[in-house]
Each structure stands twice: as C-alpha cells, then as structure tokens.
Amino acid sequence: MTRRNVQDAWSQLEAHRARVAEIDMRRLFAEDPERFSVFSLAAAGILFDYSRHRVTRETMALLFDLVRACGLRERIDAMFRGERINPTENRAVLHTALRNRCGRDVRLDGQPVAPLVESVLLRMRSFVGKVHSGEWKGYTGRRMTDVVNIGIGGSDLGPVMVSQALKPWWQPGMRAHFVSNVDPSHLLETLAGLDAETTLFVVASKTFTTAETMMNAHAARNWLLDQASDESAVARHFVAVSTNAERVAAFGIHPDNMFGFWDWVGGRYSVWSAVGLPVALMIGMDLFEQFLDGGCAMDEHFRLAEFESSMPVIMAVLGIWYNDFWGAETHAVLPYDQYLSRFPAYLQQLDMESNGKSVTRDGKPVASATGPIVWGEPGTNGQHAFYQLIHQGTRIIPCDFLMAACSQRPLGDQHETLLANGIAQGQALMRGKTHDEALAELLAAGMGREAAEALAPHKVFAGNRPSSTLLYRELDPFTLGSLIALYEHKVFVQGVVWNINSFDQWGVELGKQLATALQRDLAGDCRIQEHDASTNGLIDTIHALRRELTDDQD
Ligand code: G6Q
C-alpha cells in the first residue's frame with residue numbers, strides 16, 4: 060500500500076460519485092436485463108445478489124482498485140499466515156485456523172497450530188459424547204438435560220446466536236440457556252426453571268476475570284451447592300472454557316473439565332473454538348464440525364477468489380461505497396428467517412467492536428468515516444415497525460435481506476409468504492413509487508382528483524434505495540458457518556481499507572474502570588461529591604430511592 064495510490068483510488072471514486080449522482084436503479088434494471096447475473100455470485104452455499112445497488116461496472120472496478128491500492132491481498136495472506144496483525148495487543152488473528160478443515164499448514168512462531176486445535180476438538184467430542192450418552196452424570200446420578208452457558212460479549216453472543224439458529228438440530232431432550240447480564244434477574248430467571256441435578260454450567264471466559272461472568276458463575280455455584288450440599292458436585296456440574304488455566308483452577312473447576320483456547324482467538328471470533336461447546340452440546344460434534352466446514356469453505360473462497368468474484372470483498376466495498384461516498388451511517392441486517400433472530404445482535408458486536416475506531420493502525424486520526432451502525436430485526440416483524448423509515452425517511456440505509464429457500468418448519472403457505480415479503484421489500488426499495496404512479500393508483504381506486512392530489516405525495520416512495528439479498532437452501536450448520544465467516548471477512552476487508560486495527564477493543568475499557576470505582580460509592584450511603592454533578596446526582600438519588608423503599612417496607 061502506498062498513501063499516494065490509496066489517495067488516487069479514493070479521488071477516482073469521489074469523482075465517479077459526482078458523475079453518478081443521479082444514478083437510478085430502475086433505469087439500470089430497464090437497460091440491462093442481465094443485471095442480476097452480472098451483479099450476483101454464489102459461493103460456499105450462499106447466493107449473493109447485489110444488483111439492487113447504486114453501482115455500475117465502473118463503480119465496482121474503481122472499488123476493486125481501492126482495495127488493491129490498500130494492499131488487501133497482502134493483508135489477507137498475512138492474516139491466514141498467522142502474522143501478528145493485531146499490533147496493539149501484539150497478537151496473531153487466527154480464528155480461521157480453528158476451522159482449517161482442508162489442512163493448510165498454519166504456524167505460529169514456527170509451530171503448527173493444527174495439533175492444538177485438533178486436541179481440543181477431540182476432548183470436546185469425548186465430553187459431548189459422554190453427556191449425550193448419559194455416561195456423564197450429575198451428583199445424584201442423573202444425566203444432564205440443561206446446559207447453562209455463563210459468559211458475556213464474545214463468550215456469549217456467538218454461542219447464543221448459533222445455538223438458536225440451529226435449534227432444529229438440537230439433540231432430543233437437551234436444552235440450552237444463556238446467562239450474560241450481571242443484572243441478577245438474568246441468572247435468577249434462568250435458574251428458576253431448572254433442576255440442579257440435571258443442569259450443566261459452562262463458564263465461558265477467555266480471561267476468566269470478567270466481572271459479570273465471575274459473579275454469575277459464583278452465584279450459580281452457590282445455587283448448586285445449596286441443593287447438593289457437597290463440594291464434589293461442582294466437578295460434575297461445572298466445566299470451563301478459557302485461556303486461563305490458573306484462574307479456572309482457583310474457581311474450583313478441575314483442569315480435566317477445562318476446554319482451552321488461545322490468545323490468537325479474539326472474543327468475538329471465538330464461537331469456532333471451545334467457546335462453541337454449548338452449541339456442540341446441543342447439536343453434537345458431527346454437526347458442529349459441519350459448522351466449521353462451512354466457515355472453512357468461505358475462508359477458502361476468500362483466500363483464493365479474485366476480488367471481482369469474492370463475496371466478502373464485494374460486500375465490503377459496497378459498504379465502503381455507501382459509508383464513505385454517500386454518507387450512509389447505518390446498515391440494516393434483516394433476516395427473513397426466525398432462526399436468525401439473534402444474528403443482527405451478533406453482527407453488532409462483530410462489526411461495531413471491530414471497526415468502531417477513529418485512529419489508524421499507527422495511531423493517527425482516520426481520514427474517513429469508519430464502521431457503520433449495524434442494526435436489524437427479523438422480517439416480517441420489522442415491516443410492521445421501522446421499515447417506514449427505510450422506505451420513506453430521509454436517510455440512505457443499505458439493507459441485507461437474508462432468506463432460506465426451504466423452511467426447517469414448514470406450515471401451509473407461510474414460508475412462501477415470508478419469502479414473498481422479503482423479496483418484495485428489496486424490490487420496493489429499488490423501484491419505489493413515483494408521484495404519477497401514486498396518483499394514478501388513487502384515481503383508479505375511485506378517489507376524487509383533489510383528494511388524490513393531496514394524498515399522493517404521502518404515497519410516493521423515492522426508491523433507488525440499496526439492498527443485498529443473501530439466499531441459501533436452508534439454514535443448516537454448514538451454511539451458518541459460511542454465513543458468519545462471510546461477515547467476518549467483510550469486516551476485515553473494511554478494516555483494511557480504513558487502515559484500522561479491527562481486532563482490538565480498547566473502547567470498552569473506560570466504562571469498566573469507572574464502574575469499578577463507582578460500585579464502592581453505590582454500596583455506601585454517604586452523600587457523594589467527588590464526581591461530576593450528574594454522577595453525584597444519580598448516586599444520591601439511588602440512595603434516596605432505596606431509603607424511601609426501606610421506609611415504605613417498615
Ligand atoms: C470480544 C471482546 C469482548 C469479550 C468479553 C468477554 O471480542 O473482547 O466482548 O469477549 O468482554 O471476555 P471474556 O471472555 O474474557 O470473559
């Protein structure tokens with residue numbers, strides 16, 4: 060990468076953006092009946108349709124020039140080779156090695172990584188097999204039926220999302236629960252429905268120091284011991300997933316019950332590691348490995364495809380196009396697939412924690428807008444809520460529609476209705492409805508001219524609003540793995556273009572530090588004066604409200 064080349068490519072795009080200011084997707088479709096085949100591609104079980112975007116062949120060519128100028132090929136190779144591409148934490152970024160199912164020779168500091176990964180997968184297989192066969196027994200000799208994952212952030216969002224997405228594949232009689240929030244109601248509401256004799260806790264924490272997870276894990280341990288009355292029960296009911304063996308042992312979990320991973324696996328990229336244990340406990344190891352296979356298939360596509368036919372690269376550059384050249388601030392992820400209902404939340408962490416940065420890799424202020432605000436909800440629900448703004452609001456909001464051709468749970472025509480709605484939304488965003496069309500519709504429906512003219516402006520849809528559609532046969536483990544890897548690589552490519560470190564997350568630190576300090580003040584009852592007026596005022600009010608409640612109860 061040279062700064063001049065990047066600047067040239069950027070300037071070319073700015074000039075092009077000015078030339079295509081009036082670009083009109085309706086016209087592009089009318090002029091080119093082949094637009095779908097030109098602007099779509101399939102890889103690793105996913106069809107990606109990007110024909111409904113404000114792009115021409117020239118736009119795409121200039122965007123590919125930009126990623127070339129940014130040295131994308133070298134950066135992809137560096138990541139897969141295990142170079143320390145996370146400089147602020149001095150770490151390699153090798154989540155791809157966790158799903159390296161095609162035997163690439165991946166080394167870290169000269170040592171092969173595959174044997175480490177393989178040994179943990181084998182231990183997971185043995186453990187999962189014992190739980191499913193009933194060989195693994197609780198303190199009263201009963202088999203485990205309920206798995207409670209205790210973790211937060213990257214040690215929660217991946218397992219939650221993937222477990223939920225693969226629910227049709229759950230082993231009969233097994234149920235998964237997830238506790239993340241330090242709000243005690245999360246743990247207590249979860250435990251309320253559970254039987255300690257058949258509940259297995261998975262404490263997932265890379266560091267094993269995260270306050271929320273440790274507090275919940277200790278409380279869960281007490282809950283178990285209240286019923287089991289014997290410390291030895293902990294070994295039957297608690298396992299850990301961590302990189303920190305010492306802390307796990309100090310908690311009282313035997314090393315045999317710990318599943319390790321490594322500092323080269325970032326939290327939000329860790330569902331492929333032992334952090335995926337709750338998923339494996341739900342669907343079994345064979346299917347968990349199919350999930351890894353799907354991730355690997357997308358990795359191979361990303362590693363080997365030309366940029367012009369690389370799905371992650373195309374997704375990434377489209378995001379750059381709207382984010383940096385059209386002023387889009389958000390990106391909506393809209394699964395027409397109820398099993399993906401937690402996918403937007405998962406992507407929020409993946410994308411916003413990775414690319415929510417304002418300094419470059421060498422610590423200088425960035426020159427352009429970086430990561431978008433990612434949000435979304437499943438369709439069709441969103442249509443009855445916030446789609447109004449996407450269609451008729453003043454902002455440009457690129458959308459991803461995700462949908463399965465085949466339902467896991469068919470019921471009458473409902474899946475057809477779901478798909479028809481998903482496709483129609485992309486069509487409506489692209490086509491819009493002109494004033495003339497709106498007026499003609501109203502007149503045809505019998506409305507008088509004056510009333511129709513008054514109403515017509517409210518019925519106009521500007522259209523020309525961009526969306527991609529991701530279509531797959533069904534949401535099986537392989538496809539889900541491929542889908543997640545696709546978004547991971549999209550985020551990576553965008554980070555390369557913005558020249559930021561997508562793999563650290565220092566922005567979460569300050570709040571944690573301050574919370575630790577405030578906890579002491581909250582616990583006391585003294586008037587607080589040492590903070591800013593807002594903080595003092597809030598803490599004093601909490602004290603006063605608590606006094607009020609106590610007085611009322613007395
Ligand atoms: C993810 C972040 C963060 C992390 C949590 C939990 O990339 O690092 O979300 O996963 O803070 O951390 P532990 O796994 O160490 O408890």
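Its first residue numbered 60, the sequence shown is counted upward by one per residue in the numbering used here. Beta carbons are placed, not taken as given, at the ideal position from N, Cα and C, and that holds for glycine. Given the structure is predicted, the values throughout are model-derived calculations rather than measurements.
- Along the segment 99 to 166, the alpha helix (DSSP H) occurs as fully enclosed runs of 4 or more residues at 116 to 128 and 131 to 140, listed in sequence order.
- Within its own chain, the residues whose Cβ lies closer than 6 Å to the Cβ of Ser239, once the five positions on either side in sequence are excluded, are Ile211 and Asp215, listed in chain order.
- Within the DSSP secondary-structure output, Tyr531 pairs in a beta bridge with Ile105 and Ala463.
- Within a 10 Å sphere around the beta-carbon of Thr609 sit fewer than 16 other beta-carbons, which makes this residue exposed.
- By the Cβ-count criterion, Asp472 is exposed, with fewer than 16 other Cβ atoms from all chains shown falling within 10 Å of its own Cβ.
- Not one heavy atom of the ligand G6Q lies closer than 7 Å to the C-beta of Glu148.
- Under the three-state reduction of DSSP, Gln170 is assigned to strand.
- For Asp205, the secondary structure class from DSSP, reduced to helix, strand or coil, is strand.
- Counting only runs of 4+ residues, the alpha helix (DSSP H) found wholly inside the segment 389 to 414 occupies 402 to 406, in chain order.
- Contact check for Ala292 and Met183: beta-carbon distance about 22 Å, past the 8 Å limit, so the pair fails to qualify.
- If you draw a straight line from the Cα of Arg401 to the Cα of Leu393, it comes to about 11 Å.
- For Met370, the enclosing alpha helix (DSSP H) starts and ends at Met370 to Phe384.
- Comparing C-alpha distances from Val324 to each of Glu148, Phe88 and Met317 shows the shortest one belongs to Glu148.
- Residues of the same chain with a CB within less than 6 Å of the CB of Val307, apart from the 5 flanking positions on each side, are Phe267, Ala299, Ser301 and Met317 in chain order.
- Relative to the ligand G6Q, Arg490 has its C-beta separated by 7 Å or more from all heavy atoms.
- Distance from the CA of Glu607 to the CA of Glu589, rounded to the nearest whole angstrom, comes to 24 Å.
- Taking C-beta separations shorter than 7 Å and ignoring five residues to either side along the sequence, the partners of Asp83 in its chain run Asn523, following chain order.
- Where Arg605 is concerned, the enclosing alpha helix (DSSP H) starts and stops at Ala592 to Gln612.
- In the three-state reduction of the DSSP assignment, Thr258 falls in the strand class.
- When the beta-carbon positions are compared, Gln484 and Gly438 come within less than 8 Å of each other.
- In the structure shown, Val221 adopts helical secondary structure according to DSSP, grouped into three states.
- Within the same chain, Cys355 and Glu359 come within 7 Å of Cys161 by CB-CB distance, once the 5 residues on both sides are set aside.
- Gly319 is bridged by DSSP to Ser301.
- In summary, Gly378 is buried, with 16 or more beta-carbon neighbours lying within 10 Å of its beta-carbon over all protein chains present.
- The alpha-carbon of Leu340 is positioned some 12 Å away from that of Gly193.
- The beta carbon of Glu388 sits no closer than 7 Å to any heavy atom of the ligand G6Q.
- Phe537 and Leu351 have their C-alpha atoms roughly 7 Å apart.
- Taking 7 Å as the cut-off, the C-beta of Thr266 counts as close to a heavy atom of the ligand G6Q.
- Here the alpha carbon of Gly104 sits roughly 19 Å from the alpha carbon of Gly481.
- Annotated as distal: Leu253 and Ala278, with beta-carbon spacing of 8 Å or more.
- Remark: C-beta atoms of His236 and Val190 do not approach each other more closely than 8 Å.
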